[in-house]
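*Asks:*
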Amino acid sequence: MIRSQDFLDRASQWGFNCYTGVPCSYLQPLINGAMSSPHLRYITAANEGDAVAIASGMELASQRCIVMMQNSGLGNAVNPLTSLNIPFQIPILLIITWRGQPQGDRDEPQHQLMGKITPHLLDLMTIPWQYFPAETQQIAPTFSRIINHFQQQQTPYALIMPKGVVEATPLTATISPKIPSLTPATATLTALPSWTRREVLQAILSATQPTDILLTTTGYTGRELYNLADRDNQLYLVGSMGCASSVGLGMAIAHPQKRIIILDGDGAALMRLGAWAAIGCERPANLVHILLDNRCHESTGGQPTVSASLNFSAIAEACGYEKVVRVETPPVLSQNLQSPTSQLTFLHIPVQPGTAKSLPRPHISPSAAAQRLRQYLHQPNSCYS
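Residue numbering for the sequence shown follows the numbering used here, starting at 12 and increasing by one per position.
The following block contains the structure:
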């Protein structure tokens with residue numbers, strides 16, 4: 012058994028000063044230790060997949076972050092791990108508890124199947140793993156092995172944590188609540204959209220600065236932006252549907268001197284709406300979250316989403332976004348993008364369905380786009396070099 016402080020101190024020596032994830036009783040010592048430390052940061056995620064995306068955004072901005080989760084939540088993280096971290100070559104460290112471990116203590120029935128397949132699931136995802144260090148002298152070699160893998164492979168690495176390998180640690184800190192300020196401005200929806208996604212994207216390109224970072228959701232948004240202009244400060248998040256907002260949160264935290272602009276879609280946003288609560292809690296002043304709402308999953312054939320029955324602006328405001336604007340004309344969009352961003356901002360832009368025929372896919376590979384963005388941010392190719 013080890014002390015949580017010994018693990019946290021060694022992790023900090025390797026640059027892991029930030030943690031995110033979803034709690035498990037096995038993780039109590041590490042989460043309590045990270046939250047209670049004045050030198051570490053813990054970001055509360057709504058689910059395990061969002062935590063993976065947050066850590067991935069931080070890694071792209073060259074800041075290391077450890078993701079912690081119960082193995083029952085590993086299923087929530089499969090999509091970003093396989094469609095974000097692997098193709099984009101974004102290395103992150105996972106600590107996954109082993110509930111329902113075969114030959115372990117008797118556990119609840121809901122953990123039995125996942126307990127049997129946890130190591131095999133990581134193997135199927137081609138994510139190397141080892142057991143969490145149970146003795147203090149094992150910590151340093153463990154991190155040497157992790158960093159070596161990051162340098163060589165640029166993919167995630169996992170530590171599987173059995174029960175009782177870390178001493179209990181009391182929690183001496185709490186999260187200060189940030190109460191949203193609700194206004195009547197977001198209560199009423201107005202006219203139907205009058206412009207297309209392409210027109211909106213062109214207006215965004217005209218209103219933003221070369222120092223801004225643009226992250227697009229999967230589907231036609233990234234393809235259309237690429238078709239309009241492929242720039243080094245743009246990242247097209249193919250796959251990992253719904254994760255753009257969490258990747259943007261991680262980047263905004265890790266790189267506060269850059270304005271991070273998320274180009275989201277209504278279907279993707281609805282898939283991981285809980286991420287908005289984490290963004291509203293952290294409230295990075297350099298983050299602009301733009302939602303292009305055409306009320307359908309256009310790239311898969313135009314199937315409708317449920318966005319017509321809800322108010323995204325009111326949701327964003329309730330989650331803690333400080334500036335919320337429903338944008339219906341180009342001048343309003345330009346006005347909100349050309350001025351410097353000093354508070355967490357949400358722009359809801361209704362757009363008409365439709366896109367250009369034979370819209371090309373980005374020719375740049377995901378891993379090349381990620382490396383290009385790192386270089387654009389004036390960082391080494393990887394923070395693990």
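By construction, the Cβ of each residue, glycine as well, lies at the ideal position given by its N, Cα and C atoms. Here the structure is a predicted model, which means the values were calculated and not measured.
Can you round the beta-carbon distance between I290 and V176 to whole angstroms, since I take them to be within the 8 Å contact cut?
*Replies:* Residue 290 sits at position 279 when you count from the first residue of the sequence shown. Residue 176 sits at position 165 when you count from the first residue of the sequence shown. About 33 Å; that fails the 8 Å criterion.
*Asks:* Identify which residue in A288, Y387, E119, L281 has its Cα closest to the Cα of A319.
*Replies:* For the purposes of this step, residue 319 is taken as residue 308 along the sequence shown, with counting starting at 1. Ranking the options by Cα distance to A319, first place goes to L281.
*Asks:* Check the DSSP bridge columns for M125 and list the partner residues they point to.
*Replies:* Within the sequence shown, residue 125 is the residue found at index 114, counting from 1. None, per the DSSP bridge assignment.
*Asks:* What residue range does the beta strand (DSSP E) around N28 cover?
*Replies:* Numbered from 1 along the sequence shown, position 17 holds the residue referred to as residue 28. First-last of the beta strand (DSSP E) with N28: 27-32.
*Asks:* Quick check on the DSSP output: the alpha helix (DSSP H) that includes P349 runs from which residue to which?
*Replies:* Taking the first residue of the sequence shown as 1, we reach residue 349 at position 338. According to the sequence provided, residue 349 is Gln. The question's Pro does not apply to it. Unbroken alpha helix (DSSP H) run through Q349: 341-349.
*Asks:* Check whether the segment 214-229 and the segment 28-43 touch, using three or more Cβ-Cβ pairs below 8 Å as the test.
*Replies:* Touching, no, given that fewer than three Cβ pairs across the two stretches are closer than 8 Å.
*Asks:* Given a cut-off of 8 Å, decide if I65 and G261 are closer than it, judged by their beta-carbon atoms.
*Replies:* Locating residue 261 in the sequence shown gives position 250, counting from the first residue. Locating residue 65 in the sequence shown gives position 54, counting from the first residue. For G261 and I65, yes; Cβs fall inside 8 Å.
*Asks:* Quick one: using the 10 Å Cβ neighbour count with 16 as the cut-off for buried, is H266 buried or exposed?
*Replies:* For the purposes of this step, residue 266 is identified with residue 255 of the sequence shown, where counting begins at 1. Per the 10 Å Cβ criterion, buried.
*Asks:* Measure the C-alpha to C-alpha separation of L85 and T153 and round it to an integer number of angstroms.
*Replies:* By 1-based counting over the sequence shown, the position of residue 85 is 74. By 1-based counting over the sequence shown, the position of residue 153 is 142. Roughly 22 Å separates the two Cα atoms.
*Asks:* Any idea what DSSP makes of Y387, helix, strand or coil?
*Replies:* Stepping through the sequence shown from its first residue, residue 387 is reached at position 376. In the structure shown, Y387 sits in a helix (DSSP, three-state: H, G or I).
*Asks:* In whole angstroms, give me the CA-to-CA distance for R234 and N82.
*Replies:* Indexing the sequence shown from 1 puts residue 234 at position 223. Indexing the sequence shown from 1 puts residue 82 at position 71. The straight-line gap from Cα to Cα measures roughly 35 Å.
*Asks:* Following a CB-centred definition, is A367 positioned closer than 7 Å to any heavy atom of the ligand HEM?
*Replies:* Here there are no bound small molecules, and the ligand HEM is not part of this structure.
*Asks:* Under three-state DSSP, which class holds W140?
*Replies:* Within the sequence shown, the letter at position 129 stands for residue 140. If DSSP states are grouped into helix, strand and coil, W140 belongs with the strands.
*Asks:* Which partner residues of F357 appear in the DSSP bridge assignment?
*Replies:* Within the sequence shown, numbered from 1, the residue matching residue 357 stands at position 346. According to DSSP, which records beta bridges pairwise, F357 is partnered with H300, V335.
*Asks:* Run through the DSSP bridge pairs and tell me what T55 is partnered with.
*Replies:* Your numbering for residue 55 matches position 44 in the sequence shown. T55 is bridged to G32.
*Asks:* From the DSSP secondary-structure annotation, give me the bridge partner or partners of M79.
*Replies:* Here residue 79 refers to the residue found at position 68 when the sequence shown is read from its first residue. For M79, which the question treats as bridged, DSSP gives the partners G32, I106.
*Asks:* Going by Cα to Cα distance, which pick from I360, C330, I264, N87 is closest to P191?
*Replies:* The residue you call residue 191 lines up with position 180 of the sequence shown. P191 has its Cα closest to that of C330, out of I360, C330, I264, N87.
*Asks:* From the DSSP output, read off the bridge partner residues of C330.
*Replies:* Here the question's residue 330 lines up with position 319 in the sequence shown. Answer is none; C330 lacks a bridge partner.
*Asks:* Closest to M136 by CA distance: which of N96, I77, T356, A263 is it?
*Replies:* Position 125 of the sequence shown holds residue 136. Among N96, I77, T356, A263, the Cα nearest to that of M136 belongs to N96.
*Asks:* Are at least three pairs of beta-carbons, each pair with one atom in the segment 177-186 and one in the segment 313-328, less than 8 Å apart?
*Replies:* Too few Cβ pairs lie closer than 8 Å, so no.
*Asks:* Using DSSP's beta-bridge definition, name the partner residues of H397.
*Replies:* Summary: the structure shown does not reach residue 397, with the chain confined to residues 12 through 396, and so no result is reported for it.
*Asks:* Have a look at Q114 and L370 and give me their C-alpha separation to the nearest angstrom.
*Replies:* Within the sequence shown, residue 114 is the residue found at index 103, counting from 1. Within the sequence shown, residue 370 is the residue found at index 359, counting from 1. Straight-line Cα distance between these residues: approximately 54 Å.
*Asks:* Of all the options I150, D61, G32, which has the alpha carbon lying nearest to the alpha carbon of Q16?
*Replies:* Along the sequence shown, one-based indexing puts residue 16 at 5. Minimum Cα distance to Q16 is reached at I150.
*Asks:* Which ranges does the beta strand (DSSP E) cover as unbroken runs of at least 3 residues, wholly within the segment 196-261, from first to last along the chain?
*Replies:* With a minimum length of 3 residues, the continuous beta strand (DSSP E) runs that stay inside the segment 196-261 are 224-227, 245-247.
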